[in-house]
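Okay, so here's the structure we're looking at.
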Amino acid sequence: MINQNCLKLGCSVMRFSRQFSRRFSRTGVLITKGFLLTYLILCALTPKISAGKEAGKESDKKDPKKLTAPAGVWIESLNKPLAAGTQFSLNILVGNEMQPIDGLFGISFELHYSSSTYLEFVEPVEATAGPFLEPDTYTFTRHEPENQIFFLAVSRKRGAAGQSGYGQVMQLLARITKGAPPLWPVCFEIKNISANDYAGTAVPVQAGPSLCLTVADTPIDVMPNPFTPNDDGSNDQVEFKRDGGMPGNWSILIMDRSGRAIKRLTNGEYFWDGRNEKRHKMLPGIYLYAVHNGKQTIKRGLLWLIL
Numbered sequence: 001m002i003n004q005n006c007l008k009l010g011c012s013v014m015r016f017s018r019q020f021s022r023r024f025s026r027t028g029v030l031i032t033k034g035f036l037l038t039y040l041i042l043c044a045l046t047p048k049i050s051a052g053k054e055a056g057k058e059s060d061k062k063d064p065k066k067l068t069a070p071a072g073v074w075i076e077s078l079n080k081p082l083a084a085g086t087q088f089s090l091n092i093l094v095g096n097e098m099q100p101i102d103g104l105f106g107i108s109f110e111l112h113y114s115s116s117t118y119l120e121f122v123e124p125v126e127a128t129a130g131p132f133l134e135p136d137t138y139t140f141t142r143h144e145p146e147n148q149i150f151f152l153a154v155s156r157k158r159g160a161a162g163q164s165g166y167g168q169v170m171q172l173l174a175r176i177t178k179g180a181p182p183l184w185p186v187c188f189e190i191k192n193i194s195a196n197d198y199a200g201t202a203v204p205v206q207a208g209p210s211l212c213l214t215v216a217d218t219p220i221d222v223m224p225n226p227f228t229p230n231d232d233g234s235n236d237q238v239e240f241k242r243d244g245g246m247p248g249n250w251s252i253l254i255m256d257r258s259g260r261a262i263k264r265l266t267n268g269e270y271f272w273d274g275r276n277e278k279r280h281k282m283l284p285g286i287y288l289y290a291v292h293n294g295k296q297t298i299k300r301g302l303l304w305l306i307l
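Going by the working numbering, the first residue of the sequence shown is number 1, and it counts up by one from there.
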């Protein structure tokens, strides 16, 4: 429909053209009418052009492919540090509620891990398919321990349709060894991902954040505190108690309030009798302690020595 303002202006121009025709030549009148016709056409089309632009904007808003990044491939996080000797599952997920994947049929990727010192993988070392692409899937696992890499893949079988949405695609079982020290870290990262639909066409994906785990810190109880090193046979020494004992490579540093070293416990020693390195008795007061694993501080606190 032509804009009402266009019609009003068009009528005014028509009246002007009649007056113009009385004074000027026929050629001038034709030129005037030509301008009028062009103006009316533009008035008629302008709302449609504007509406088309607005519709395009609305279409972009409704099309998630134009607004969202590719679905991510990531490792499900664990809620807390793992104790030494604990078995755990590396769950590989694709997509999420905000960034789902469309038509996934198969996916392959590399899983890198930062250290194998206190990490082992459960035999048989083979990743299994997750529920997102089940049932009827093929899986592939190749482990290069010397490079700390897994090459993993999972695919639906021929004839199956691609899967849309988000969920777990693979699972790999691992274990922290029993000798792992507290706060030992290990990180896992996904790289070089390739995904396709049932026709073999590439499906856009991207690597999610890496997953880093630490070994849980075994509690260290410091008791009795205060202690009374007066050689009466009761509470004469303070003990640093830990399940499994103090590792031989740990040390416990006793300091005065100024930070000056008084005594260092090494090679599994776990008690202090209130004496310095020269076996001299220390005065009553507050002392500091710090438990170290190499350069890493495991625990620190205060000791009360009273007589």
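Using N, Cα and C, we set each Cβ at its ideal position, and we do this for glycine too.
No experiment lies behind these values; they were computed from the predicted model shown.
Practice task
Leaving aside the five residues before and after alanine 309 along the sequence, list all residues of the same chain whose C-beta is less than 6 Å from its C-beta, in chain order.
Solution key: No answer is possible for residue 309: the residues shown for the chain start at 1 and end at 307.
Problem - Neighbourhood of asparagine 155 by C-beta, 6 Å cutoff - its chain only, sequence neighbours within 5 removed - result: Residue numbering aside, residue 155 sits at position 155 when the sequence shown is read from its first letter. This sequence places serine at residue 155; asparagine is not what is there. For serine 155, where only same-chain residues beyond five positions count, the Cβ hits under 6 Å are Gly106 and Tyr138.
Practice task
Can you grab the Cα-Cα spacing for the pair alanine 83 / lysine 278, in whole Å?
Solution key: Here residue 83 corresponds to residue number 83 of the sequence shown, with the count starting at 1. Here residue 278 corresponds to residue number 278 of the sequence shown, with the count starting at 1. In a straight line, the C-alpha of alanine 83 is about 38 Å away from that of lysine 278.
Handout entry: Proximity to valine 203 [Cα-Cα], best of Tyr118, Ser164 and Val122
Key = The residue labelled residue 203 in the question sits at position 203 within the sequence shown. Looking at the Cα atoms, Ser164 is the closest of the given residues.
Handout entry: the stretch 217-232 / the stretch 286-304 touching (three or more Cβ pairs under 8 Å)
Key = yes
Practice task
Mark isoleucine 286 as exposed unless 16 or more other C-beta atoms lie within 10 angstroms of its C-beta, in which case mark it buried.
Solution key: Counted from its first residue, the sequence shown places residue 286 at position 286. Isoleucine 286 should be labelled exposed.
Handout entry: Expected contact under 8 Å - CB spacing of proline 182 and aspartate 217 to nearest Å
Key = Here the question's residue 182 lines up with position 182 in the sequence shown. Here the question's residue 217 lines up with position 217 in the sequence shown. Right, their Cβ atoms sit about 4 Å apart.
Exercise for the section: Assuming methionine 170 and isoleucine 92 form a contact by the criterion Cβ under 8 Å, report the distance between their Cβ atoms to the nearest whole angstrom. Expected result: In the sequence shown, residue 170 corresponds to position 170, counting from 1. In the sequence shown, residue 92 corresponds to position 92, counting from 1. Taking 8 Å as the upper bound for CB-CB distance, methionine 170 and isoleucine 92 are in contact here, some 4 Å apart.
Exercise for the section: Could you check if isoleucine 41 is buried or exposed, using at least 16 other CB atoms within 10 Å of its CB as the buried criterion? Expected result: The sequence position of residue 41 within the sequence shown is 41, counting from 1. Confidence at isoleucine 41 is low in this model, with a pLDDT of 48, below 50, so its placement is unreliable and the value that follows should be read with caution. Its Cβ having fewer than 16 others within 10 Å, isoleucine 41 is exposed.
Handout entry: leucine 90 and isoleucine 75 closer than 7 Å at C-beta
Key = The residue labelled residue 90 in the question sits at position 90 within the sequence shown. The residue labelled residue 75 in the question sits at position 75 within the sequence shown. Their beta carbons are under 7 Å apart, which means leucine 90 touches isoleucine 75 by this criterion.
Exercise for the section: With a 10 Å radius around its C-beta and 16 neighbouring C-beta atoms as the bar for buried, classify leucine 283 as buried or exposed. Expected result: Start at 1 with the first residue of the sequence shown, and residue 283 comes out as number 283. Only exposed fits leucine 283, as fewer than 16 other CB atoms lie within 10 angstroms of its CB.
Problem - Cα-Cα separation between serine 258 and glycine 244, rounded to whole angstroms - result: As a first step, residue 258 must be located in the sequence shown, where it is residue number 258. As a first step, residue 244 must be located in the sequence shown, where it is residue number 244. Rounded to whole angstroms, serine 258 to glycine 244 spans 32 Å at the Cα level.
Exercise for the section: Given a cut-off of 7 Å, decide if valine 94 and glycine 208 are closer than it, judged by their beta-carbon atoms. Expected result: On the sequence shown, residue 208 is found 208 positions in, with the first residue counted as 1. On the sequence shown, residue 94 is found 94 positions in, with the first residue counted as 1. No, the pair does not count as a contact, with Cβ atoms beyond the cut-off.
Practice task
In angstroms with no decimal places, state the Cα-to-Cα distance between asparagine 180 and glycine 85.
Solution key: Reading the sequence shown from its first residue, position 180 is the one you call residue 180. Reading the sequence shown from its first residue, position 85 is the one you call residue 85. Note on identity: in this sequence residue 180 is alanine, with asparagine being the wrong assignment. So the two alpha carbons sit approximately 8 Å from each other.
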